[in-house]
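Structure, as structure tokens:
Chains as they are written, first to last, in my numbering: chain A, 108 to 325; chain B, 108 to 325.
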């Protein structure tokens with residue numbers, strides 16, 4: 108029972124800091140997106156394609172979360188946007204406090220969008236609010252269409268689902284209709300995009316939607 | 108600091124029960140494998156192919172771990188082996204106690220192999236010994252060759268790496284040599300198998316190795 112109490116306290120503390128982060132983002136008019144997925148679903152590739160499309164017209168920064176290495180930060184930095192890397196040293200998810208600390212290293216002035224790439228993990232990050240406006244779960248076709256049913260927490264807590272690697276559908280055992288049906292069964296209000304970072308299919312539609320989010324201030 | 112203490116106590120308790128599980132498995136001469144990976148890397152497909160190949164000559168049972176649903180247990184049960192499903196209801200990894208409880212529902216008498224399929228998560232299950240003889244990490248080519256460097260804990264704690272979905276290499280941005288090099292950089296003693304559950308390439312080699320493990324009693 109003591110463990111449950113500690114866990115609850117951690118989550119309560121996290122929610123307090125997440126609220127402070129959220130208030131700060133709203134004051135500054137920054138739309139913040141928290142990207143979550145399994146390892147290798149393509150979060151970094153989607154960020155790269157999005158930066159390529161939007162960095163000319165919007166001011167964007169990125170916070171990268173990884174268990175180890177700054178490989179993703181290096182990939183994103185090539186697009187000449189400010190990037191802060193959080194290395195969790197084994198930690199399985201980002202927390203609001205880590206984001207709060209990372210913000211000390213970012214100039215928020217005039218920023219339109221902040222992308223936070225969470226640790227690759229389809230379970231734990233679901234419970235940790237970072238203060239984002241939009242949680243984006245990325246699921247690749249190679250992972251199988253049953254994943255929303257098997258990892259419901261993440262799909263329930265997200266507002267956007269990006270289905271990635273649609274170019275691989277001919278080669279894998281994935282039923283796209285079933286994948287979407289399963290996701291909407293868990294969360295009927297999910298906004299779904301279907302993309303391929305390889306062919307760039309669907310990337311313009313996703314970026315158009317994102318542009319509107321910035322204008323509306325979310 | 109109190110959180111660290113609690114976590115340490117949980118791990119100590121887990122290790123005590125894992126040791127009891129391990130003693131029991133050794134007494135009974137059962138070789139136990141704990142399969143870990145990201146969601147969708149193909150743990151269940153590998154189990155299905157392995158059961159198809161070995162169930163005629165060896166007595167095998169399966170424990171399935173999932174956050175939610177018994178979809179995997181249903182898939183495995185088609186091979187007419189005893190299966191026990193553990194649903195963690197949001198829990199991000201299996202623990203030794205859950206396996207100990209699951210064993211109450213299995214007849215261990217005369218069993219050669221016990222496969223435990225962990226929750227799909229490349230981070231948290233690394234720290235929880237279940238009492239297995241062999242931890243098998245499954246990594247699919249679609250996840251990218253950088254994953255061993257980004258999630259080192261799991262590769263360090265495993266003794267076998269199965270690289271799955273090698274049939275998809277022509278269609279994805281994965282350098283197989285770099286993937287193996289990265290894995291061996293983290294853990295030079297990893298035994299690596301390259302397989303495709305779609306073409307069945309590499310499955311016979313993996314099953315031959317497994318058969319020898321049974322004979323040697325590991």
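In this text, a Cβ means the ideal position worked out from N, Cα and C, and glycines have one as well.
As the structure is a prediction and not an experimental result, all values here were calculated from the model.
Query: By the 10 Å Cβ neighbour count, where 16 or more other Cβ atoms means buried, how is residue 227 of chain B classified, buried or exposed?; Result: buried
Query: Output needed in chain order: residues of the region 140-167 of chain A with a Cβ under 7 angstroms from some Cβ in chain B.; Result: 145, 146 and 147
Query: Could you work out which residue in A:281, A:257, A:236 and A:171 is closest to residue 265 of chain A when comparing CA atoms only?; Result: A:236
Query: Do you know offhand how far residue 311 of chain B's Cα is from residue 285 of chain B's?; Result: 24 angstroms
Query: On a CA-only basis, which of A:204, A:238 and A:317 is nearest residue 326 of chain A? Give me that one, please.; Result: For residue 326 of chain A there is no data in the structure shown, the boundaries of chain A being 108 and 325.
Query: Which residue spans inside the region 256-293 of chain A form an unbroken beta strand (DSSP E) run of at least 3?; Result: 267-271
Query: Kindly indicate if chain A contains any beta-carbon less than 8 angstroms away from that of residue 120 of chain B.; Result: no
Query: Distance, Cα to Cα, residue 158 of chain B vs residue 292 of chain B?; Result: 31 angstroms
Query: List, in chain order, every chain B residue whose beta-carbon is nearer than 7 angstroms to that of residue 292 of chain A.; Result: What residue 292 of chain A touches in chain B: nothing, since even the nearest Cβ is about 12 angstroms away.
Query: Which residues in the same chain have their Cβ closer than 6 angstroms to the Cβ of residue 109 of chain A, if we skip the five residues on either side of it in sequence?; Result: Model confidence at residue 109 of chain A stands at a pLDDT of 39, short of 50, so the residue's coordinates are unreliable and nothing is read from them.
Query: So which residues of chain B does residue 250 of chain A contact, with C-beta pairs closer than 7 angstroms?; Result: 146 and 147
Query: Would you say residue 175 of chain A and residue 259 of chain B are within 8 angstroms of each other, going by their C-beta atoms?; Result: yes
Query: If residue 249 of chain A sits next to residue 275 of chain A, beta carbons under 8 angstroms apart, how far is it from one beta carbon to the other, in whole angstroms?; Result: 6 angstroms
Query: Going by the CB atoms, is the gap between residue 124 of chain B and residue 50 of chain B shorter than 8 angstroms?; Result: There is no way to answer for residue 50 of chain B, as the model of chain B reaches only from 108 to 325.
Query: So what does DSSP say about residue 305 of chain B, is it helix, strand or coil?; Result: coil
Query: When you compare only the Cα positions, how much space is there between residue 195 of chain B and residue 216 of chain A?; Result: 44 angstroms
Query: Quick check on the DSSP output: what are the complete beta strand (DSSP E) runs of length 3 or more inside the region 150-208 of chain A, in order along the chain?; Result: 167-173 and 190-194
Query: Please go through the same chain and pick out, in chain order, the residues whose beta-carbon is closer than 7 angstroms to the beta-carbon of residue 111 of chain A, but skip the five residues on each side of it.; Result: The predicted position of residue 111 of chain A is uncertain, since its pLDDT is 49 and thus under 50; no value can be drawn from it.
Query: Are residue 336 of chain A and residue 222 of chain A touching if we call contact CB-CB under 8 angstroms?; Result: This structure does not reach residue 336 of chain A, given that chain A is present from 108 up to 325, and the question cannot be answered.
Query: Thinking C-beta only, is residue 187 of chain A closer than 8 angstroms to residue 179 of chain A?; Result: no
Query: Tell me the DSSP bridge mates of residue 124 of chain B?; Result: Answer is none; residue 124 of chain B lacks a bridge partner.
Query: Give the DSSP bridge partners of residue 298 of chain B, in chain order.; Result: B:267
Query: Under 7 angstroms between beta-carbons, which chain B residues line up against residue 253 of chain A? List them in chain order, please.; Result: 178
Query: Contact defined as beta carbons within less than 8 angstroms: I believe residue 251 of chain A pairs with residue 273 of chain A. What is the distance between those atoms, to the nearest angstrom?; Result: Incorrect: roughly 14 angstroms between the Cβ atoms, too far for contact.
Query: Compare the C-beta of residue 227 of chain B with all C-beta atoms of chain A and state if any pair is closer than 8 angstroms.; Result: yes
Query: Give the residues of chain B in contact with residue 247 of chain A, contact being defined as C-beta atoms less than 8 angstroms apart.; Result: 147 and 249
Query: Roughly how many whole angstroms lie between the Cα atoms of residue 138 of chain A and residue 240 of chain A?; Result: 6 angstroms
Query: Which word fits residue 283 of chain B, buried or exposed, when buried means at least 16 other C-beta atoms lie within 10 angstroms of its C-beta?; Result: exposed
Query: Report the rounded CA-to-CA distance for residue 150 of chain B versus residue 212 of chain A, giving the unit in angstroms.; Result: 40 angstroms
Query: Is the Cβ of residue 173 of chain A closer than 8 angstroms to any Cβ of chain B?; Result: yes
Query: Using a Cβ-Cβ distance cut-off of 8 angstroms, determine whether residue 230 of chain A contacts chain B.; Result: yes
Query: In this structure, what does DSSP give as the bridge partners for residue 224 of chain B?; Result: B:142 and B:171
Query: Compile a chain-ordered list of the residues in the region 286-318 of chain B whose CB is closer than 8 angstroms to at least one CB of chain E.; Result: The structure shown has no chain E; the protein chains it does contain are A and B.
Query: In chain order, what residues of the same chain lie with their CB nearer than 7 angstroms to the CB of residue 314 of chain B, ignoring the 5 residues before and after it?; Result: 157, 160 and 161
Query: In angstroms with no decimal places, state the Cα-to-Cα distance between residue 202 of chain A and residue 280 of chain B.; Result: 31 angstroms
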